[in-house]
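Under the UniProt record's numbering, the first residue of the sequence shown carries the number 1, and numbering increases by one thereafter.
Ideal Cβ positions, reconstructed from N, Cα and C, are used throughout, including at glycine.
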Amino acid sequence: MICKFFAKIPLAWQLLVKEKTRLAVAVAGITFANILMFAQMGFEGALFESAIAPHKSFDTDLVLVSRNFETIYSIKDFPTERLYQARGFAGVLEVNPVYIGLGRWSNPETQGLQTILIMGTDPANKIFRSPQLNRDLNELQIQNQVLFDKTALPTNSYIASLFQNQTTPETEVNKIKVRIGGYFSLGKSFATYGNIITSDSTFLRLFASHEPNQIGTGLIKLKTGADIKQVKNNLKLGLPDDVLILTHDEYIDMERNYWGKTTPIGFMFGVGVMVSFIVGCVIVYQILYSDISAHLAEYAMLKAIGYTNNYLLSVLGQEALLLAVLGYLPGLITALAFYKLAANTTKLPVFMTIERGASVFVLTVIMCFVSGIFAMQKLRTADPADLM
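Written out as structure tokens, the structure reads:
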């Protein structure tokens with residue numbers, strides 16, 4: 001069936017290339033719709049990737065959070081006691097408390113204030129996946145010294161140049177002077193300008209009203225060979241119900257679902273993809289309808305000499321497929337360039353994925369075939385009697 005379908009493509013191709021201007025307009029329209037879809041999906045992906053970057057950086061098996069937890073960017077604290085209670089359960093190797101809060105960072109170059117995510121931990125606890133970051137935690141043993149997320153800064157920034165020159169930059173967080181003892185890379189998000197890691201004692205100085213026995217996240221490492229599901233169930237049954245026990249993946253998914261389903265930002269990106277799809281459908285429909293109208297006499301002639309409606313409809317389907325491919329390729333190339341520019345400009349994780357590329361291609365094919373189905377109604381009106 002596929003061979004027979006493609007065996008008839010030359011006629012569809014000849015119909016398309018006969019009017020080169022119309023073909024160029026069609027390809028440009030589909031390309032435009034593809035770029036819009038890629039842009040919406042790219043920024044939606046950047047929203048999710050940037051939001052879950054802190055979560056993915058933790059080296060942990062289970063995570064303890066407040067029962068009311070929704071997002072790390074509006075943290076709900078819970079008693080440290082719960083985490084230390086978890087340490088007594090079978091299979092638990094170690095537990096590490098993490099203070100989390102949003103602070104105001106004063107840019108020493110622009111003197112502007114920006115919201116930044118601050119994570120406080122005991123420098124002796126190696127809680128991150130990055131070995132380099134774990135080694136740099138030693139810098140936090142100095143009071144009021146912090147690690148700063150360098151991806152939030154332009155490469156030619158004042159602070160970056162100071163650090164490269166072996167100078168320890170100073171700035172203010174929550175109106176308290178701190179020194180930047182090192183850099184790490186997580187990236188900006190839609191909620192914050194960047195990230196800072198501090199020691200637990202420095203965190204409590206930056207947030208003077210914060211209760212020391214209240215933490216934002218508890219990280220639980222299990223012993224080798226421990227059954228993570230069994231330990232999770234034991235903790236769920238044994239701890240008070242003011243906390244949630246999550247696997248690392250569930251912790252990440254909870255944040256992703258918050259941005260995708262609870263906030264209007266995720267909804268807006270979804271609507272943007274839908275609008276782009278509809279725009280593409282309208283453009284392709286107009287092109288195919290115009291093509292059929294311009295060649296209605298030829299279609300009627302083909303009917304008169306014995307070609308069936310099904311054959312003519314298959315030719316129109318081939319035109320739709322060809323338009324989908326011709327419009328997708330320049331759209332993909334343009335999107336790759338756009339992603340690179342957006343990532344460099346915004347410092348957000350905007351990048352192409354195989355899944356996204358495949359999704360847009362499938363949407364493009366569907367878009368063209370849906371348009372073709374509506375345009376086929378005009379083709380059915382081709383009547384050999386009109387040639388008399």
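Residue range of the beta strand (DSSP E) that residue i falls in?
i	result
Gly266	Note, Gly266: premise wrong, no beta strand (DSSP E); alpha helix (DSSP H) at Pro264 to Ala294.
Thr192	That residue, Thr192, is in no beta strand (DSSP E); it is neither H nor E in DSSP.
Glu70	Where Glu70 is concerned, there is no enclosing beta strand (DSSP E), given that its DSSP letter is neither H nor E.
Asp149	Gln145 to Asp149
Ile252	Element bounds for Ile252: not the beta strand (DSSP E) but the alpha helix (DSSP H), His248 to Asn257.
residue 419	Outside the shown range of the chain (1 to 388) lies residue 419, about which nothing can therefore be said.
Thr217	Thr217 to Leu222
Arg129	It is not in any beta strand (DSSP E) - Arg129 carries neither H nor E in the DSSP assignment.
Considering only residues of the same chain and omitting the five flanking positions on each side of residue i, which have a CB-CB separation below 6 angstroms?
i	result
Thr151	Ser185, Gly187 and Lys347
Glu172	Ser106
Ser189	Ser50 and Ala51
Thr31	Gly327, Pro330 and Gly331
Val365	Ala324
Should residue i and residue j be called a contact, given that it needs their Cβ atoms to be closer than 8 angstroms?
i	j	result
Met367	Gly280	yes
Leu147	Tyr193	no
residue 389	Pro330	Nothing can be reported for residue 389: it is not among the residues displayed for the chain, which extend from 1 to 388.
Leu23	Val17	yes
Ala320	Val284	yes
residue 393	Val95	This structure leaves residue 393 out entirely; the chain is present only between 1 and 388.
Ile252	His55	yes
Met41	Val370	no
Thr60	Lys229	no
Ala227	Arg67	According to the sequence displayed, residue 227 carries Asp and not Ala. Not in contact: Asp227 and Arg67 (Cβ atoms no closer than 8 angstroms).
Lys223	Leu93	yes
Thr202	Leu140	yes
Arg104	Asn174	yes
Tyr84	Leu117	no
Ala28	Ser276	no
Arg205	Asn144	yes
Give me, in chain order, the residues of the same chain whose beta-carbon lies closer than 8 angstroms to that of residue i; leave out the 5 immediate sequence neighbours on both sides.
i	result
Leu387	Any reading at Leu387 needs caution, since the residue's pLDDT is 48, under 50, leaving its predicted position unreliable; the model's value is listed next. Counting only Cβ-Cβ distances below 8 angstroms, and skipping sequence neighbours, we find Ala297, Ala300, Met301 and Ala304.
Glu170	Pro108, Lys177, Val178, Arg179 and Ile180
Leu15	Asp291, His295, Val315 and Glu319
Thr353	Gly45
Since residue i is in the alpha helix (DSSP H), which residue starts that stretch and which ends it?
i	result
Val350	Per DSSP, Val350 belongs to no alpha helix (DSSP H) and is neither H nor E.
Phe32	Lys20 to Ser57
Lys232	Ile228 to Gly238
Thr202	Asp200 to Leu206
Arg82	Thr80 to Ala86
Residue i: which of the options sits nearest, CA to CA?
i	options	result
Gly91	Val315, Lys232 and Phe374	Lys232
Ile75	Gly101, Arg67 and Leu239	Gly101
Asn195	Gln318, Asp291 and Thr115	Thr115
Lys20	Phe38, Ile287 and Ile354	Ile287
Thr198	Asn174, Gly120 and Ala226	Gly120
Ile215	Ile35, Val65, Asn34 and Gly225	Val65
Glu250	Ala33, Phe69 and Ser276	Phe69
Leu219	Phe38, Ala337 and Asn125	Asn125
Ala337	Val25, Phe38 and Thr308	Phe38
Leu239	Glu81, Ala208 and Ile333	Glu81
Ala53	Asp149, Ile35 and Leu62	Asp149
Within its chain, find whatever has a CB closer than 7 angstroms to the CB of residue i; leave out the 5 residues flanking it on each side and keep chain order.
i	result
Phe351	Tyr339 and Ala343
Trp13	Leu322
Met376	Leu313 and Leu316
Asp200	Tyr99, Gly120, Thr121 and Asp122
Glu355	none
Ile278	none
Do three or more CB pairs link the stretch 302 to 313 to the stretch 34 to 48 at distances below 8 angstroms?
no
Is it true that the stretch 81 to 90 meets the stretch 250 to 266, where meeting means three or more beta-carbon pairs spaced less than 8 angstroms apart?
no
Determine contact between the stretch 129 to 140 and the stretch 238 to 251, defined as no fewer than three beta-carbon pairs at a distance below 8 angstroms.
no
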